[in-house]
Amino acid sequence: MTKTFRLTMAQALTRFLACQMTEIDGRKMPIFGGVWAIFGHGNVAGVGEALYQVRDELPTFRAHNEQAMAHAAIAYAKANFRRRFMAATSSIGPGALNMVTAAALAHVNRLPVLFLPGDVFANRIPDPVLQQAEDFSDGTATVNDCFRPVSRYFDRITRPEQIIPALNRAMQVLTDPADCGPVTLALCQDVQAEAYDYPESFFAERVWTQRRPRPDRQELAAAVAALKGAQKPLVIAGGGVLYSQASGELAKLVQGAGIPVCETQGGKSSLPDDHPLNMAAVGVTGTSAANRLAEEADVVLAIGTRLQDFTTGSWALFKNSGKTIIGLNVQPFDAGKHQALPLVTDAAEGLAELGAALNGWKAPAAWTDNAAKGKKDWQAEAGKVTASTNAAYPSDAQVIGAVQRAMGSGVILLHAAGGLPGELHKLWQAGAPGSYHAEYGFSTMGYEIAGGLGVKMAKPDEEVVVMIGDGSYLMLNSEIATSVMLGLKLTIVLLDNRGYGCINRLQMATGGANFNNLLKDARHEVMPDIDFAAHAASLGAIAEKVSSIAGLETALAKAKKNARTTALVIDTDPLVSTDVGGHWWDVAVPEVSSRPQVNAARKAYEEKRRMQSVGD
């Protein structure tokens with residue numbers, strides 16, 4: 001007779017999670033780093049009690065905002081290159097919906113996280129319960145259905161035994177390199193408390209390892225032939241290089257073949273910035289060195305990238321009409337984009353086999369030498385815009401220069417939405433793989449501080465620097481308090497340009513009036529006078545407002561020695577961005593307007609659209 005354990009569904013779920021393991025560098029460890037939880041009536045009695053029972057094997061962390069705790073979980077997975085991840089649980093209504101934005105972030109960025117929102121009663125007897133949103137035409141609908149389009153796998157648990165196949169499916173998705181992304185198991189609150197006789201085998205320890213599919217022979221042969229015929233080959237390194245931990249194989253391939261490399265936001269730090277073949281950022285926020293090569297390239301090897309519009313310059317960057325794109329990607333959906341030659345494979349395995357097949361072949365020396373000259377020219381330009389200044393309101397680039405000089409390339413630099421991603425993508429000199437952590441797939445304001453917390457949990461011995469604008473800080477800053485509570489030190493550099501400076505610049509560039517972005521241009525009776533340093537200090541951080549670039553560098557030197565989270569605030573110019581580098585981005589301008597500035601912008605827009613490669 002099969003041995004069973006009589007447990008509630010919630011108890012079975014938490015025990016199952018505690019038994020899932022992985023192996024990293026020869027060391028076996030739990031694959032779940034823990035569970036983030038904000039309890040409410042929809043999960044405190046069921047999941048909350050179950051988490052208490054396994055608190056030593058599966059730690060529970062308390063946050064102050066459900067979206068933020070999910071961001072921390074996602075950043076933890078990214079910092080671990082998807083080899084470890086976390087779960088997040090909430091109550092049924094606003095708590096659950098607060099996590100949907102984070103689910104979309106994880107979905108876009110192909111990052112694993114397990115969402116466990118509470119749900120309504122399966123028996124429906126007490127309906128409508130507190131926080132239940134009733135659908136007048138569908139008795140089965142709940143707010144958790146909002147997770148469906150932003151989950152790789154969704155299930156609603158209405159019977160306790162359903163957790164057995166659901167959790168096995170969840171683990172398959174969370175650990176699959178191609179289908180990786182968020183999983184949502186909506187947990188009906190009465191079912192959380194119902195008992196069932198679970199088989200002992202359900203709780204057997206299981207070790208999950210990273211699958212590394214090798215390339216198809218025909219696809220590999222086609223890719224090799226295309227590269228051997230190239231006169232101007234270029235590699236675009238995306239986030240898949242890092243998730244596969246393929247930086248070493250990438251370096252071997254490009255060094256042997258003399259192929260220059262450029263990096264997407266997700267792929268930055270695939271090679272160190274000082275690698276001679278690394279042209280750094282590509283696309284809308286790219287360097288002049290990378291974008292010039294992308295315009296001329298006849299074969300583009302796109303590794304582990306979604307080829308989104310910021311990478312391709314809205315499909316106006318690649319100007320060689322005879323170009324061939326090779327889509328090296330573990331996900332066929334991405335590998336075949338834009339009529340690419342698909343090479344469906346793990347990045348490390350695919351690069352190793354490409355390198356072996358190309359052994360002895362080299363790109364024309366003139367192309368490689370041209371790339372080296374372009375990099376040198378770019379470095380000179382970048383040095384000018386990041387140089388120190390005495391300006392009362394320095395640019396973002398000048399602040400970046402100060403952080404780079406004070407902290408070096410040995411830190412993990414994290415950022416997300418606003419103007420900083422564009423400047424950092426071009427200007428930050430990343431070191432080791434994974435040392436540049438950008439959330440620019442979904443461009444989620446408010447990710448920064450919570451994301452920094454997640455990175456610090458994954459890499460407690462690393463110095464984590466968070467760069468954030470005032471707009472993003474005001475949206476979500478609560479996890480400063482959590483970082484202090486958990487003893488996880490962050491260094492936060494807050495650039496205050498008094499509004500949404502990045503969008504204000506975009507508004508101006510598309511012919512719009514300065515309207516509703518900077519605080520001074522928004523409807524107001526009194527201008528806000530926000531003391532960000534005092535606010536951060538009230539949450540437990542060591543905080544200081546500095547008045548100059550020199551003062552910032554001095555404060556950063558002190559912050560290195562601080563034992564807890566430090567926030568440094570500096571005023572910046574909202575109108576200045578780096579002119580060098582970059583590329584056009586397709587942002588639709590009104591076809592008709594009463595304002596001549598908009599009409600002029602529309603004319604320029606129509607001219608730029610002619611550069612797009614339609615159908616590629």
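The numbers in full-length UniProt numbering rise by one with no breaks, and the one at position 321 of the sequence shown is 321. C-beta atoms are modelled at their ideal positions from N, C-alpha and C, and glycine is treated no differently.
(message) If you follow the alpha helix (DSSP H) that residue 399 is in, where does it begin and where does it stop?
(response) First-last of the alpha helix (DSSP H) with residue 399: 396 to 407.
(request) Using the Cα positions of residue 613 and residue 316, report the straight-line distance between them to the nearest angstrom. (result) For residue 613 and residue 316, the distance between alpha carbons rounds to 6 Å.
(request) Using DSSP bridges, identify the partner residues of residue 278. (result) Looking at the DSSP output, residue 278 bridges to 261.
(message) Suppose the cutoff is 8 Å on Cβ atoms and the five residues either side in sequence are ignored; what does the same chain contact list for residue 556 look like?
(response) Close CB contacts of residue 556 within its chain, under the 8 Å cut and outside five residues either way in sequence, are with 402, 403, 406, 407, 491, 493 and 568 (chain order).
(message) Measuring only the C-alpha atoms, how far is residue 257 from residue 304?
(response) Counting only the Cα atoms, residue 304 lies some 20 Å from residue 257.
(message) Rounding to the nearest angstrom, what Cα-Cα distance links residue 441 and residue 147 in this structure?
(response) If you draw a straight line from the Cα of residue 441 to the Cα of residue 147, it is about 18 Å long.
(request) Please report the Cβ distance between residue 46 and residue 8, rounded to the nearest whole angstrom; I am assuming they are in contact, meaning their Cβ atoms lie under 8 Å. (result) Contact flag correct, Cβ pair sits at about 7 Å.
(message) If distances are taken between C-alpha atoms only, which option among 538, 533, 368 and 551 comes closest to residue 544?
(response) Checking every option, the nearest Cα to that of residue 544 belongs to 533.
(request) Could you pull out every residue in the same chain whose Cβ sits closer than 6 Å to the Cβ of residue 204, ignoring the five residues on either side in sequence? (result) Closer than 6 Å at the Cβ level, and outside the excluded window around residue 204, lies no residue.
(message) How far does the alpha helix (DSSP H) with residue 332 in it extend, from its first residue to its last?
(response) Per DSSP, residue 332 is one residue of the alpha helix (DSSP H) stretching across 332 to 335.
(request) Round the Cβ separation of residue 269 and residue 434 to the nearest angstrom and send it over; I've been treating them as touching at under 8 Å. (result) Beta-carbon to beta-carbon, residue 269 and residue 434 are separated by about 6 Å, close enough to satisfy the 8 Å threshold.
(message) Less than 7 Å between C-beta atoms, sequence neighbours within five positions excluded: which residues of the same chain meet that for residue 134?
(response) Excluding positions up to five away in sequence, the list reads 128.
(request) Using 10 angstroms around the beta-carbon of residue 273, count the other beta-carbons present and answer buried if the total reaches 16, otherwise exposed. (result) With 16 or more neighbouring CB atoms inside 10 Å of its own CB, residue 273 falls in the buried class.
(message) Mapping the DSSP letters down to three states, classify residue 589 as helix, strand or coil.
(response) Coil at residue 589, not helix or strand.
(request) State the start and end residues of the unbroken alpha helix (DSSP H) segment that holds residue 311. (result) Per DSSP, residue 311 belongs to the alpha helix (DSSP H) from 309 to 312.
(message) Quick check: what's the CA-CA separation for residue 25 versus residue 358?
(response) Looking at the backbone, the Cα of residue 25 and that of residue 358 are separated by about 29 Å.
(message) In whole angstroms, give me the CA-to-CA distance for residue 471 and residue 461.
(response) Spanning the two alpha carbons is a distance of roughly 29 Å.
(request) State the Cα-Cα distance for the pair residue 381 and residue 580, rounded to the nearest angstrom. (result) As the crow flies, the alpha-carbon of residue 381 is around 7 Å from that of residue 580.
(message) Below 8 Å, how does it come out for the region 294 to 308 and the region 449 to 467: are there three or more Cβ pairs, yes or no?
(response) Touching, no.
(request) Could you check the C-alpha separation between residue 322 and residue 107 for me, to the nearest Å? (result) CA-to-CA, the gap between residue 322 and residue 107 works out to about 34 Å.
(request) With DSSP collapsed to three states, give me the class of residue 463. (result) Here residue 463 sits in coil by DSSP.
(message) Would residue 191 and residue 153 be called neighbours here (beta carbons separated by less than 8 Å)?
(response) Their beta carbons are not under 8 Å apart, which means residue 191 does not touch residue 153 by this criterion.
(message) Using 8 Å as the threshold, is the C-beta distance between residue 426 and residue 286 below it?
(response) Contact annotation: residue 426 and residue 286 have beta-carbon atoms nearer than 8 Å.
(request) State buried or exposed for residue 314, treating a residue as buried only when at least 16 other CB atoms are found within 10 Å of its CB. (result) So residue 314 ends up on the buried side.
(request) In angstroms with no decimal places, state the Cα-to-Cα distance between residue 58 and residue 139. (result) Each residue's alpha carbon lies about 35 Å from the other.
(message) So, at 7 Å on beta carbons, what are the nonlocal neighbours of residue 617 in its own chain, with the 5 sequence-adjacent residues on each side left out?
(response) The structure shown does not extend to residue 617, since the chain spans only 1 to 616, so no value can be given for it.
(request) Return the residue from the list 501, 164, 411 and 70 that minimises the CA-CA distance to residue 11. (result) Closest by alpha carbon: 164.
(request) Let me know if residue 217 comes out buried or exposed under the rule of 16 or more other beta-carbons within 10 Å of its beta-carbon. (result) So residue 217 ends up on the exposed side.
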